[in-house]
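Order-wise, the sequence lines are chains A and B.
Position in the first sequence (from 1) plus 146 gives the number in my numbering.
Position in the second sequence (from 1) plus 146 gives the number in my numbering.
There are 2 protein chains.
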Amino acid sequence: MKIGIVGYGNLGKGVEAAIKACSDMELVGVFTRRDPASVQIRTQGVPVFSYDSMFNMKDEIDVMVLCGGSATDLPEMTPELAEHFHVVDSFDTHANIPQHFDNVDAMAKKGGNIAIISVGWDPGMFSVNRVYANAILPVGSDYTFWGTGVSQGHSDAIRRIEGVADARQYTVPVPAAVERVLAGENPELTTREKHTRECYVVAKEGADLAKIEDTIKTMPNYFADYDTTVTFISQAEMDEKHSGIPHGGNVIRSGLTGWDNETKQTIEYKLTLESNPEFTANVLIACARAGYRMASRGDVGCKTIFDIAPGDMSQTSAAELRATML
Amino acid sequence: MKIGIVGYGNLGKGVEAAIKACSDMELVGVFTRRDPASVQIRTQGVPVFSYDSMFNMKDEIDVMVLCGGSATDLPEMTPELAEHFHVVDSFDTHANIPQHFDNVDAMAKKGGNIAIISVGWDPGMFSVNRVYANAILPVGSDYTFWGTGVSQGHSDAIRRIEGVADARQYTVPVPAAVERVLAGENPELTTREKHTRECYVVAKEGADLAKIEDTIKTMPNYFADYDTTVTFISQAEMDEKHSGIPHGGNVIRSGLTGWDNETKQTIEYKLTLESNPEFTANVLIACARAGYRMASRGDVGCKTIFDIAPGDMSQTSAAELRATML
Numbered sequence: 147m148k149i150g151i152v153g154y155g156n157l158g159k160g161v162e163a164a165i166k167a168c169s170d171m172e173l174v175g176v177f178t179r180r181d182p183a184s185v186q187i188r189t190q191g192v193p194v195f196s197y198d199s200m201f202n203m204k205d206e207i208d209v210m211v212l213c214g215g216s217a218t219d220l221p222e223m224t225p226e227l228a229e230h231f232h233v234v235d236s237f238d239t240h241a242n243i244p245q246h247f248d249n250v251d252a253m254a255k256k257g258g259n260i261a262i263i264s265v266g267w268d269p270g271m272f273s274v275n276r277v278y279a280n281a282i283l284p285v286g287s288d289y290t291f292w293g294t295g296v297s298q299g300h301s302d303a304i305r306r307i308e309g310v311a312d313a314r315q316y317t318v319p320v321p322a323a324v325e326r327v328l329a330g331e332n333p334e335l336t337t338r339e340k341h342t343r344e345c346y347v348v349a350k351e352g353a354d355l356a357k358i359e360d361t362i363k364t365m366p367n368y369f370a371d372y373d374t375t376v377t378f379i380s381q382a383e384m385d386e387k388h389s390g391i392p393h394g395g396n397v398i399r400s401g402l403t404g405w406d407n408e409t410k411q412t413i414e415y416k417l418t419l420e421s422n423p424e425f426t427a428n429v430l431i432a433c434a435r436a437g438y439r440m441a442s443r444g445d446v447g448c449k450t451i452f453d454i455a456p457g458d459m460s461q462t463s464a465a466e467l468r469a470t471m472l
Numbered sequence: 147m148k149i150g151i152v153g154y155g156n157l158g159k160g161v162e163a164a165i166k167a168c169s170d171m172e173l174v175g176v177f178t179r180r181d182p183a184s185v186q187i188r189t190q191g192v193p194v195f196s197y198d199s200m201f202n203m204k205d206e207i208d209v210m211v212l213c214g215g216s217a218t219d220l221p222e223m224t225p226e227l228a229e230h231f232h233v234v235d236s237f238d239t240h241a242n243i244p245q246h247f248d249n250v251d252a253m254a255k256k257g258g259n260i261a262i263i264s265v266g267w268d269p270g271m272f273s274v275n276r277v278y279a280n281a282i283l284p285v286g287s288d289y290t291f292w293g294t295g296v297s298q299g300h301s302d303a304i305r306r307i308e309g310v311a312d313a314r315q316y317t318v319p320v321p322a323a324v325e326r327v328l329a330g331e332n333p334e335l336t337t338r339e340k341h342t343r344e345c346y347v348v349a350k351e352g353a354d355l356a357k358i359e360d361t362i363k364t365m366p367n368y369f370a371d372y373d374t375t376v377t378f379i380s381q382a383e384m385d386e387k388h389s390g391i392p393h394g395g396n397v398i399r400s401g402l403t404g405w406d407n408e409t410k411q412t413i414e415y416k417l418t419l420e421s422n423p424e425f426t427a428n429v430l431i432a433c434a435r436a437g438y439r440m441a442s443r444g445d446v447g448c449k450t451i452f453d454i455a456p457g458d459m460s461q462t463s464a465a466e467l468r469a470t471m472l
């Protein structure tokens, strides 16, 4: 399988590393809107191309992995490229997924391609676990906890406050809430009861720390509904201890079976990720494989993780999977 | 969807309850090799038929759910019935799955039917989680822990010992081993380090308790390789405290990502089941739905959980799933 990467930020770098770990894949090139000469990639002998040059390379690429952002890049890029290539993206603005799906589906069908959208961990593996768990346990309740992990959006919101030089925000699930859910108590949990927010902040010299802390803790939507802690640290400590991008969480379905719904059954899917973008990259690559196989069987249009037979994501043959993993 | 159940033990009863919880399904009948008049089912107005009468009811049944045992029933029954019906089974003799697949595939194709085999939790949901996790994290190690749960095979082995009136064996994962795996230590674990076996035994009057205990603990394959505890209890206590059929466990993949495999990523899927057969029944029913949909698109032959797009298992439409669960 010949893969192209569009965009070379943290996610694109993760995809490059993911391809290296797959013996059935080869990186053909990285495509960028920046000056290609300014982008250094790690795979020896693989070129960096300008974005527009990809349209002359249709025969050289089996699947394009789109590593742009969900806010502005992917809503335009995925439909545009789905007309010309099989593509996969990690579009993660949950509320806009149906619209994105429709836009991409029309263009993918126009071009006779497969386009897999919104893969990663949430949306992605968390989503597919919600679907499995609901299909198996139709009577029950869903719970999703996120963290411990870095929220980029919340970190950015803190950085925009006057007097803040740098910030990192961790979303942390409340252990007692997770325990109650796993015990099958089926609790109704408020926002505050599910997660806490831990903020590490580097203040500019002379900044009003009390005012920064208050601005964070009272920020609507982002922090006001949570128990939030603010810790001021030095830039050196920030760089040393908070440079990673960990994340994860768990999806739990607490269900009932039996003639009178008398039996408790609990399904939990849990991710503990040292690197959020590298994990997302690996899911993208497994879905790129699946998309290529689906296309080779004549399937076209927009797909999500719900439409993918899991065996299609594996490097291993169907017979070998049955013999070794079933 | 019109469903038939073949066999009415614990699993068949679970399937009956599972159908009751699904608004898109209807139970047409239970088929048994016993005298139909001797079998009382719980769904009002639904008849019990003799096994052979099903062959006159092909037009009345969309999917047959086969609830026989893996040792002797399913190896014969699933191929035989796959020629006449779309079927789903929970064949769980892991080593014989490839042979069972081939036998069933030939007959399903002959009859133009879909036959989904080996669904439940292991094989089944545990298997599909192994496939997902390996596809996403190609560099890594797999761990499966079973329990705390009742092992029917091990309980039966104890019951065959002279002087034993009743027995129940629980398989229990060793917490320290699970913790080491979840911490990303990638330990190599012996059989003894992974699970312990707890045996509750009712002895016949005058039986030699020391001899029973020794026979259990030294039994090859079943107990000799494990730290095994034997507790003698009364039949009353057995009936009161050990009548359930709980099980579960977790499938963990401890993987590495990044250019130099420097990043730890952990995927865990965990089931905590108060009733093993009722959970298996619910998976069978979700797969029956998927099989019916696959057949309606013209697909034929033997399938496993690896071949099923998760969305096909859900009662919810694809558009609704994208809007609510992605």
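Note that CB positions come from ideal geometry on N, CA and C, so glycine has one too.
Contacting residues, own chain, Cβ-Cβ under 7 Å from residue i (five flanking each side not counted)
i	result
B:Val161	Ile151, Val211, Cys213, Ala427, Leu430, Ile431
B:Pro182	Val194, Phe195, Ser196
Residue i versus the options, residue with shortest Cα-Cα distance
i	options	result
A:Gln381	A:Thr375, A:Val348, A:Ile358	A:Val348
B:Glu229	B:Thr218, B:Asn422, B:Met200	B:Met200
B:Tyr346	B:Thr290, B:Arg314, B:Thr336	B:Arg314
A:Asp251	A:Pro225, A:Gly266, A:Phe272	A:Pro225
B:Phe425	B:Phe291, B:Phe452, B:Thr239, B:Pro269	B:Pro269
A:Val174	A:Met384, A:Ala183, A:Asp205	A:Asp205
B:Gly394	B:Lys387, B:Ala323, B:Trp292	B:Trp292
A:His232	A:Tyr372, A:Met203, A:Ala183	A:Met203
B:Thr412	B:Gln298, B:Phe272, B:Tyr289	B:Tyr289
B:Asp170	B:Arg180, B:Gln190, B:Gly266, B:Lys148	B:Lys148
B:Asp360	B:Gly309, B:Asn280, B:Thr403, B:Val265	B:Gly309
A:Ser442	A:Arg468, A:Val209, A:Gly191	A:Val209
A:Phe378	A:Leu328, A:Asp312, A:Asn367	A:Asp312
B:Tyr368	B:Ala164, B:Arg338, B:Asn249	B:Arg338
B:Ile187	B:Pro221, B:Asn156, B:Pro366	B:Asn156
B:Arg468	A:Asp453, A:Met471, A:Tyr372	A:Asp453
A:Ile207	A:Glu172, A:Cys448, A:Met365	A:Glu172
Rounded straight-line distance, which links the Cα of residue j to that of residue i
i	j	result
B:Ala303	B:Ala370	13 Å
B:Arg439	B:Phe237	21 Å
B:Tyr316	B:Gly295	5 Å
B:Thr450	B:Ile358	41 Å
A:Ser281	B:Ala455	The residue you asked about is not Ser; residue 281 of chain A is Ala in the sequence shown. Approximately 12 Å, taken between the alpha carbons.
A:Val285	B:Ala167	7 Å
B:Gly457	B:Ala436	8 Å
B:Arg399	A:Trp267	15 Å
A:Phe272	A:Thr418	12 Å
B:Ser287	B:Gly401	6 Å
A:His246	A:Pro221	6 Å
A:Glu383	A:Ile362	20 Å
B:Asp198	B:Arg180	11 Å
B:Thr218	B:Ser301	19 Å
Contact set for residue i: own chain, Cβ-Cβ below 6 Å, skip 5 residues either direction
i	result
B:Arg326	Pro333
B:Tyr415	Asn275, Val397
A:Thr239	Ser216
A:Asn422	Ile391, His393
A:Tyr154	Val176, Thr178, Val185
B:Ile243	Ser264
A:His388	Arg314, Tyr346
Minimum Cβ-Cβ distance from residue i to chain D less than 9 Å
i	result
A:Asn249	Absent from the structure is chain D; the protein chains it does hold are A and B.
Buried or exposed (CB count within 10 angstroms, at least 16 for buried), residue i
i	result
B:Asp235	buried
B:Asn275	buried
A:Arg343	buried
A:Pro321	exposed
B:Arg306	exposed
B:Ala279	buried
A:Glu466	exposed
B:Ala254	buried
A:Ala323	buried
B:Ala434	buried
Sequence-distant residues of the same chain with beta carbon closer than 8 Å to residue i, five excluded per side
i	result
B:Val318	Gly293, Thr294, His341, Thr342, Arg343, Glu344
B:Glu420	Gly390, Pro392
Original post:
Counting Cβ pairs, one atom from each stretch, are 3 or more of them under 8 Å apart for the region 399-407 of chain A and the region 252-262 of chain B?
Top reply: Cβ pair count under 8 Å is below three, so no.
Original post:
Below 8 Å, can you find three or more Cβ-Cβ pairs linking the region 451-469 of chain A to the region 154-171 of chain B?
Top reply: Under the 8 Å Cβ criterion, the region 451-469 of chain A does not count as touching the region 154-171 of chain B, having fewer than three qualifying pairs.
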